[in-house]
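So for the sequence shown, the working numbering puts the first residue at 11; every next one is plus one. Every residue, glycine too, gets a C-beta built ideally from N, C-alpha and C. All of these numbers come straight from a predicted model, not from anything done at the bench.
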Amino acid sequence: MYKISDLMTLIQKIAPLSLSHKLIEMGSYDNSGLLVKLSESAEKILFSLDLSESAVMCAENNSCDTIITHHPAIYSPIKTINIDTDKALALAIKKGINIISMHLNLDVCSLGIDNCLCQGLGGKNIKIIDEIERNCGYGRRAKTQKQSLEAFVKNIKEVFGSQKILCYGDRPVEEYASFCGSGGSHAIENLECLESVDTIVTSDLAHHQLKELIEKNKNVVIIPHYVSEQYGYKNFYELITEKLDKKAQTFYFLDNRFM
């Protein structure tokens, strides 16, 4: 039997929980790790960016004993579990499914979601903007072959499999900075060191953040949060599947509602 402890050891070789703990010490909030343990078994594992009802149903249909999510299945402290308000979590527990969440540690690790986003955008000479430790950190910058913003966005739509991309600006793209998930505040905080960057790519921008970036003469490309992260999360799934070497069976749930 492949055990949940073996799985935790394996995935931490790629995304150590120590990275999450370090970010918490620096002021971030996170809840990563083995959040629900209901059995020792990790024989059939579903990977899903979110813990949703659809993901739990997919896990049940494939007889999975474990779900690994990116976004924490339990984010804030809870005192009760209510089937009306916490349905996905309640269903997973009812069906005896272990739940692991790998959030900030998977964002910032060297093979993580933030790095995959930057790679998917097609750039070279990738550098970390906010380095936490060697080869790990949040925010990436890269150079790319000079192209129009329209061509840059067209490539994003093709590579990330979504047409729901917003863009502002008209500068040619030669150097960009990318932040997976809700990276607007990080983009603003790092503007001083991003002077040579012509394009910012992230998700969930507030209007005041968008306004500030545009007034700093930056192109801004807004990718839906799910789209910006599932690209790298699928890479994580494929990497873990390869390293499992058939010791356990894996499945991937893509929620097309957000694509």
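Helix, strand or coil: which one does DSSP assign to residue i?
i: Thr95; result: coil
i: Ser188; result: strand
i: Tyr178; result: strand
i: Ala52; result: coil
i: Ser30; result: helix
i: Val207; result: coil
i: Tyr236; result: helix
i: Ala161; result: helix
i: Tyr12; result: coil
i: Ser58; result: strand
i: Lys137; result: strand
i: Thr212; result: strand
i: Thr251; result: helix
i: Leu121; result: coil
Quick check: what's the CA-CA separation for residue i versus residue j?
i: Gln157; j: Leu204; result: 19 Å
i: Leu85; j: Ile34; result: Residue 85 is actually Tyr in this sequence, not Leu. Roughly 13 Å between the two C-alpha positions.
i: Ala217; j: Tyr262; result: The amino acid at residue 217 is misidentified as Ala; the sequence shows His. Taking the straight line joining both Cα atoms gives about 34 Å.
i: Ile88; j: Thr95; result: 12 Å
i: His31; j: Glu53; result: 28 Å
i: Glu222; j: Lys174; result: 22 Å
i: Leu44; j: Ser111; result: 7 Å
i: Ile123; j: Thr251; result: 16 Å
i: Phe57; j: Leu121; result: 17 Å
i: Thr79; j: Leu99; result: 12 Å
i: Gly133; j: Thr154; result: 5 Å
i: Gly191; j: Ser51; result: 31 Å
i: Lys244; j: Met269; result: 14 Å
i: Gly130; j: Pro82; result: 24 Å
i: His235; j: Cys126; result: 14 Å
i: Val118; j: Phe189; result: 10 Å
Since residue i and residue j are thought to touch, with beta carbons under 8 Å apart, how far apart are those beta carbons, to the nearest angstrom?
i: Ser172; j: Val237; result: 4 Å
i: His113; j: Asp40; result: 5 Å
i: Gly193; j: Thr209; result: The pair is not a contact, with the Cβ atoms about 13 Å apart (cut-off 8 Å).
i: Asn108; j: Asp75; result: 6 Å
i: Glu63; j: Lys13; result: In fact, because the Cβ distance is near 27 Å, the residues do not count as touching under 8 Å.
i: Ile232; j: Leu176; result: 4 Å
Sort the options by Cα distance to residue i and report the nearest one.
i: Leu220; options: His235, Tyr178, Ala52 and Thr260; result: Tyr178
i: Glu184; options: Lys167, Lys164, Ala152 and Cys126; result: Ala152
i: Gly147; options: Ile103, Leu29 and Glu168; result: Leu29
i: Arg150; options: Glu160, Lys137 and Glu143; result: Lys137
i: Leu116; options: Ser15, Pro182 and Gln22; result: Gln22
i: Asn71; options: Ser42, Pro82 and Ala102; result: Ala102
i: Met36; options: Val46, Glu141 and Asn135; result: Glu141
i: Val46; options: Pro26, Asn92, Lys104 and Ser73; result: Lys104
Can you have a look at residue i and say buried or exposed, based on whether 16 or more other CB atoms are within 10 angstroms of its CB?
i: Tyr241; result: buried
i: Val207; result: buried
i: Thr260; result: buried
i: Gly106; result: exposed
i: Val169; result: exposed
i: Lys228; result: buried
i: Ile139; result: buried
i: Glu239; result: buried
i: Leu249; result: exposed
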